[in-house]
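So in this note's numbering, spot 20 of the sequence shown is number 161, and the numbers just go up one at a time. Don't be surprised by glycine CBs; every beta carbon is placed ideally from N, CA and C. Okay, structure first, notes after.
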Amino acid sequence: MTTGLFITFEGGDGAGKTTQSELLAKWLSKRGYEVVHTREPGGSSLGDSVRNVLLHGGHVMPRAEALLYAADRAQNIAEVVRPALERGAAVVQDRYIDSSLAYQGAGRPLPQDEIRHLNVWAAQGLWPAVTVLLDVDPSLAVERRAKDGQKADRLEREAAEFHKRVRSEYLELARAEPERFLVLDAALPIEELHAAIVERVAPLVSN
Ligand code: TMP
Numbered sequence: 142m143t144t145g146l147f148i149t150f151e152g153g154d155g156a157g158k159t160t161q162s163e164l165l166a167k168w169l170s171k172r173g174y175e176v177v178h179t180r181e182p183g184g185s186s187l188g189d190s191v192r193n194v195l196l197h198g199g200h201v202m203p204r205a206e207a208l209l210y211a212a213d214r215a216q217n218i219a220e221v222v223r224p225a226l227e228r229g230a231a232v233v234q235d236r237y238i239d240s241s242l243a244y245q246g247a248g249r250p251l252p253q254d255e256i257r258h259l260n261v262w263a264a265q266g267l268w269p270a271v272t273v274l275l276d277v278d279p280s281l282a283v284e285r286r287a288k289d290g291q292k293a294d295r296l297e298r299e300a301a302e303f304h305k306r307v308r309s310e311y312l313e314l315a316r317a318e319p320e321r322f323l324v325l326d327a328a329l330p331i332e333e334l335h336a337a338i339v340e341r342v343a344p345l346v347s348n
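Laid out in structure tokens, this is it:
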């Protein structure tokens, strides 16, 4: 049994997830929550090494990649997220199972149902109360990265077609579960996005 509040952020690379999840974390903290802000890959002790292999290492075969993301998730959920939720904390997390469904289950040539099964097993069936999907045109993300002078990681270097498949899978996942997803246009101003997120989360907040 968990009593806390679990909220995840999803979207293509460069959608502004971190900015929005930080703003929400601050908002929840002002409302008296203990807030745990985490991310996948990389939220746990093991996760930092897995993140490094996945984003900055050499070639990873699709099935190995799917397993590494799932392994990182299993560790993060068991070590960080569940204990926090059991304490009644709010967990705000950048990326979760939907990332694997979009990137591995649609970006890569892997069966979607197997990726879902693997990840539900890894996370022991934990799903967030709300998932904010910041929908972004992949070409806009490339522009933002260039403007910020950021170097692309292993996934960001994938072809435009890969990122288009990821985006349409995200939108498909959101259509299938409208009660969990809040879909927002990532091109909107930061404050406008934050206000829409708060509007969706406020009814779930206990005080
Ligand atoms: P980010 O944390 O900077 O967004 O980078 C994580 C990258 O890893 C991003 O390109 C998406 C990708 N990813 C997957 O392919 N599958 C997953 O399950 C997760 C969590 C991330």
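As a quick exercise: from the options, pick the residue whose alpha carbon is nearest that of residue i.
| i | options | result |
| --- | --- | --- |
| ASP276 | TYR311, LEU196, LYS288 | TYR311 |
| TYR352 | GLY266, LEU187, HIS200 | Nothing can be reported for residue 352, as the shown portion of the chain is limited to 142 through 348. |
| ILE218 | SER170, ALA337, TRP268, GLN253 | TRP268 |
| SER240 | ARG321, VAL221, ILE256 | ILE256 |
| SER309 | GLY246, ILE148, ARG192 | GLY246 |
| GLY155 | GLU320, THR179, LYS292 | LYS292 |
| ASP294 | HIS197, GLY153, GLY188, LYS171 | HIS197 |
| ARG341 | GLY173, GLU220, LEU323, PRO182 | LEU323 |
| PRO252 | PRO203, GLU284, ALA212 | PRO203 |
Could you give the distance in angstroms between the alpha-carbon of residue i and the alpha-carbon of residue j?
| i | j | result |
| --- | --- | --- |
| ARG249 | LEU146 | 31 Å |
| GLU175 | LYS167 | 10 Å |
| SER186 | VAL194 | 14 Å |
| ASP278 | LEU296 | 16 Å |
| ALA263 | LEU165 | 26 Å |
| THR144 | ARG228 | 7 Å |
| HIS258 | LEU242 | 10 Å |
| PRO344 | ALA270 | 12 Å |
| ARG286 | LEU329 | 17 Å |
| LEU272 | GLU206 | Note that residue 272 is Thr in the sequence shown, not Leu. Cα-Cα distance, rounded: 23 Å. |
| GLU284 | GLU181 | 24 Å |
| VAL346 | PHE150 | 17 Å |
| LEU334 | THR160 | 10 Å |
What is the C-beta distance between residue i and residue j, in whole angstroms, given that I count them as a contact (C-beta under 8 Å)?
| i | j | result |
| --- | --- | --- |
| TYR244 | VAL201 | Going by Cβ atoms, the distance from TYR244 to VAL201 rounds to 12 Å, so no, they are not a contact pair. |
| ALA315 | LEU274 | 5 Å |
| ALA215 | VAL177 | Incorrect: roughly 17 Å between the Cβ atoms, too far for contact. |
| SER162 | ASP235 | 5 Å |
| VAL233 | ILE148 | 5 Å |
| LEU325 | ALA231 | At roughly 20 Å, the Cβ-Cβ gap does not stay under 8 Å, so LEU325 and ALA231 are not in contact. |
| ALA327 | GLY173 | The Cβ separation is near 29 Å, so there is no contact. |
At a cut-off of 7 Å, is residue i close to the ligand TMP when judged by its beta-carbon and the heavy atoms of the ligand?
| i | result |
| --- | --- |
| PRO182 | yes |
| ASP235 | yes |
| LEU195 | yes |
| GLN245 | yes |
| ASP189 | no |
| GLU297 | yes |
| SER101 | The first residue shown for the chain is 142 and the last is 348, placing residue 101 beyond what the model contains. |
| TYR116 | In the structure as shown, the chain begins at 142 and stops at 348. Residue 116 is therefore absent and cannot be evaluated. |
| ASP154 | yes |
| TYR210 | yes |
Kindly say whether residue i, judged by its beta-carbon, lies nearer than 8 Å to any beta-carbon of chain B.
| i | result |
| --- | --- |
| LEU312 | Annotation note: the requested chain B is absent from the structure, which comprises a single protein chain. |
What are the residues that DSSP puts in a beta bridge with residue i?
| i | result |
| --- | --- |
| VAL177 | VAL232 |
| GLU151 | LEU274 |
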